[in-house]
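A quick write-up on the structure given underneath.
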Amino acid sequence: MPVCVHRIEHPEARVLVDTGMTEVHPRAAAMAPRLRPLSEQALDLDSIDIVINTHLHGDHCGGNHLFPGRPIYVQRRELDDARVNDEYIREWVDPPGVNYVPVDGELELLPGLRLVPAPGHTRGTQIVVIEIGVRPTIVAGDVAVWSGELNDPQTEGQRAVRALNPDRVWLAHEHEPWTGPPGLPQTAPT
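Going by the numbering used here, the first residue of the sequence shown is number 1048, and it counts up by one from there.
Structure follows, in structure tokens:
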């Protein structure tokens, strides 16, 4: 299963959504032994201005320590849960130098780029809504683990994604975006 991170080239800042996993933790090693660390990818880490975590499971925040001092936006509920719940890898949630900016609800982070709560996978999951073209593009983390889940939304977060009528939805564990349920007309890329 891939673990994707997403870079957004906004006119005001370079934004990275999620930071993947960068080191082998005993709980993560069994998941996917072929994962390559973010630091080994073709990405200039120093060029990133802002980090957004969709949630704080290890495959989404394991590289947060690579961005010391830079703002990392996460829903406050998610941060609070990650600091007390055993399903999180705490040393990845709170490494030295991490500068979390807790968010309470929806936030327009930059013009045309919003953070929207989307609970379901975790209570504090958020999505990134990018207003481009007529319909938004969404970076949704684990709102759905595979794109077919969005065809029949079951969680509050999945319903929130569908209510936004997105052009495409990028998920953390899919190589291609979801572009709508089968049988509906596809929109042209913007």
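Every residue gets a Cβ at the ideal spot worked out from N, C-alpha and C, and that includes glycine.
query                                                                                                                                        : result
Between the stretch 1150-1162 and the stretch 1190-1209, do three or more beta carbon pairs fall short of 8 angstroms?                       : no
Using alpha carbons as the reference points, say which of Leu1113, Ala1089 and Cys1051 lies closest to Val1145.                              : Leu1113
For Asn1212 and Ala1129, what's the separation of their Cα atoms in angstroms?                                                               : 30 angstroms
Taking the C-alpha atoms as reference points, what is the distance between Arg1061 and Gly1227?                                              : 28 angstroms
Once DSSP output is grouped into helix, strand and coil, what is the label at Trp1225?                                                       : strand
Pick out whichever of Val1176, Asp1199 and Trp1217 has its Cα sitting closest to the Cα of Glu1153.                                          : Val1176
Could you tell me the alpha carbon to alpha carbon distance between Gly1110 and Gln1122, rounded to whole angstroms?                         : 18 angstroms
How would you call His1222, buried or exposed, if buried means at least 16 neighbouring beta carbons within 10 angstroms?                    : exposed
Which residues does DSSP pair with Tyr1120 in a beta bridge?                                                                                 : Ile1099 and Val1148
CA-CA distance, Pro1224 and Leu1197?                                                                                                         : 11 angstroms
Using only the alpha-carbon positions, how far apart do Gln1088 and Ala1207 sit?                                                             : 32 angstroms
How close, in whole Å, do the beta carbons of Leu1162 and Val1150 come, if the pair is a contact with beta carbons under 8 angstroms?        : 6 angstroms
Counting C-beta neighbours from all protein chains within 10 Å, is the total for Asp1189 16 or more, i.e. buried, or is it exposed?          : buried
Is it buried or exposed, Pro1058, if we count other Cβ atoms within 10 angstroms and call 16 or more buried?                                 : exposed
Report the start-end ranges of each alpha helix (DSSP H) in the stretch 1131-1178 that is 4 residues or longer and not cut off at the edges. : 1137-1140
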